[in-house]
Amino acid sequence: MDNPFAKEPKATTAWLWQVFTGIGLVILLGMHFIANHFIARGGLRDFADVVAYLRNPIVLVLELLFLLFVTTHALLGVRAILLDLGFSGRAEKRLSRLLTGVGVLTVGYGVWLTWIIIH
Amino acid sequence: MATLNYSRIRRTGRWVDVRRRKLGMWAYALNRITGIGLVVYLYLHLGVLSMLAHGQSSWDSFTALARSPFYLALDVILLAIILIHGLNGIRVALTGFDIGVRVQKRLFVILMLIAAAALVVAAAKIFAV
């Protein structure tokens with residue numbers, strides 16, 4: 003069978019990061035989903051449970067790591083799809099900078115929200 | 032100034048059209064379409080979580096709504112998208128490293144069967160809570 007990826011250029015750093023974060027997400031998303039929707043009573047935590055859950059330092063680190071991994075993976079995926087549209091080299095750099103900014107804002111918002119919740 | 036190559040857009044945009052394509056192309060398109068869906072969901076999810084910043088009444092009234100059958104059905108759809116993207120993504124990563132290229136069609140079918148089985152179990156659990 004033909005390999006549809008054979009004509010693709012050599013693996014880029016971005017693609018390797020996408021694979022790395024993807025593997026991490028299989029573990030982190032699995033844990034996030036099980037902890038928040040299968041173990042939690044009624045499939046969702048009420049407000050007091052969310053606060054208690056996030057005040058656990060191990061949970062806090064894992065949830066923030068999950069946010070970092072999911073944002074990186076998602077925006078690298080968006081970048082890969084948009085690059086298929088045939089941007090020039092200069093536009094490609096601008097797109098990368100823009101998506102990096104979006105990623106920083108997303109993770110920053112998540113960290114801020116977590117801080118507000120646990121305090 | 033940023034420039035776009037329109038002939039390339041037409042050429043590369045063809046991945047969306049999977050009519051009369053082989054299974055490998057379906058799997059490729061499926062990975063991208065589910066990925067776009069999950070990016071949209073990520074930001075919706077972060078928006079919903081902002082209710083936590085508004086305090087207990089705001090969040091607890093949302094969770095009451097989210098336990099309705101309609102929202103539980105949406106959860107099952109979300110889980111289906113996650114399972115398809117995640118398991119198909121494992122195949123994409125393997126073939127990208129030239130692993131299992133010859134068996135990737137069979138691998139895709141097996142992984143999608145695993146996704147279907149996991150979805151049935153998870154859906155039963157979601158509606159049982």
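Chains A and B, in that order, are what the protein sequence lines are.
Following my numbering, the numbering of the first sequence begins with 3 at its first residue and continues without gaps.
Following my numbering, the numbering of the second sequence begins with 32 at its first residue and continues without gaps.
Idealized CB from N, CA, C, for every residue including glycine.
What you are looking at is a predicted structure, and each value in this text was computed from that prediction instead of being measured.
For chain A, is any of its Cβ atoms less than 8 Å away from the one on residue i?
i                       : result
leucine 69 (chain B)    : yes
arginine 122 (chain B)  : no
tryptophan 57 (chain B) : no
glycine 117 (chain B)   : yes
alanine 149 (chain B)   : no
serine 81 (chain B)     : yes
arginine 50 (chain B)   : no
isoleucine 64 (chain B) : no
alanine 33 (chain B)    : Because alanine 33 (chain B) carries a pLDDT of 49, less than 50, the predicted location of this residue cannot be relied on, and the following value inherits that uncertainty. Closer than 8 Å: yes.
So, residue i versus residue j, is the Cβ gap smaller than 8 Å?
i                          : j                          : result
phenylalanine 68 (chain A) : threonine 23 (chain A)     : no
arginine 120 (chain A)     : arginine 81 (chain A)      : Position check: residue 120 (chain A) holds isoleucine in this sequence, whereas arginine was assumed. No, these two residues do not count as a Cβ contact at 8 Å.
aspartate 91 (chain B)     : phenylalanine 49 (chain A) : yes
alanine 149 (chain B)      : leucine 114 (chain B)      : yes
glycine 193 (chain A)      : glutamine 20 (chain A)     : The structure shown does not extend to residue 193 (chain A), since chain A is modelled only from 3 to 121, so the question has no answer here.
leucine 77 (chain A)       : glycine 105 (chain A)      : yes
tryptophan 17 (chain A)    : glycine 55 (chain B)       : no
valine 52 (chain A)        : leucine 83 (chain B)       : yes
leucine 46 (chain A)       : alanine 146 (chain B)      : no
glycine 131 (chain B)      : leucine 138 (chain B)      : yes
Mapping the DSSP letters down to three states, classify residue i as helix, strand or coil.
i                           : result
phenylalanine 158 (chain B) : helix
phenylalanine 89 (chain A)  : strand
arginine 53 (chain B)       : Before going further, note that residue 53 (chain B) is lysine rather than arginine in the sequence given. Residue state, collapsed to three classes: coil.
aspartate 91 (chain B)      : helix
leucine 144 (chain B)       : helix
phenylalanine 128 (chain B) : coil
threonine 74 (chain A)      : helix
asparagine 58 (chain A)     : coil
threonine 23 (chain A)      : helix
valine 134 (chain B)        : coil
arginine 122 (chain B)      : helix
threonine 108 (chain A)     : helix
leucine 101 (chain A)       : helix
arginine 43 (chain A)       : helix
Note down, in chain order, each residue of its chain lying with its Cβ closer than 8 Å to the Cβ of residue i, except the 5 sequence neighbours on either side.
i                          : result
leucine 27 (chain A)       : Phe68, Phe71, Val72 and His75
phenylalanine 93 (chain B) : Val79 and Met82
leucine 84 (chain A)       : Leu97
Within its chain, find whatever has a CB closer than 6 Å to the CB of residue i; leave out the 5 residues flanking it on each side and keep chain order.
i                      : result
glycine 68 (chain B)   : Ile112
threonine 65 (chain B) : Ile112, Ile115 and His116
Would residue i count as contacting chain B if we go by Cβ distances under 8 Å?
i                        : result
glycine 79 (chain A)     : yes
valine 28 (chain A)      : yes
tyrosine 111 (chain A)   : yes
tryptophan 17 (chain A)  : yes
isoleucine 119 (chain A) : yes
Assuming residue i and residue j form a contact by the criterion Cβ under 8 Å, report the distance between their Cβ atoms to the nearest whole angstrom.
i                    : j                        : result
valine 107 (chain B) : isoleucine 157 (chain B) : 6 Å
alanine 58 (chain B) : asparagine 119 (chain B) : 6 Å
leucine 66 (chain A) : serine 81 (chain B)      : Contact doesn't hold; Cβ gap of about 17 Å is too wide.
leucine 64 (chain A) : leucine 30 (chain A)     : 7 Å
Within a Cβ cutoff of 7 Å, which residues of the same chain sit near residue i, ignoring the five residues on either side of it in sequence?
i                       : result
leucine 103 (chain B)   : Ile157 and Phe158
asparagine 62 (chain B) : His116, Asn119, Gly120 and Val123
State yes or no: is the C-beta of residue i nearer than 7 Å to some heavy atom of the ligand COA?
i                       : result
isoleucine 25 (chain A) : The model depicted lacks the ligand COA and carries no ligand whatsoever.
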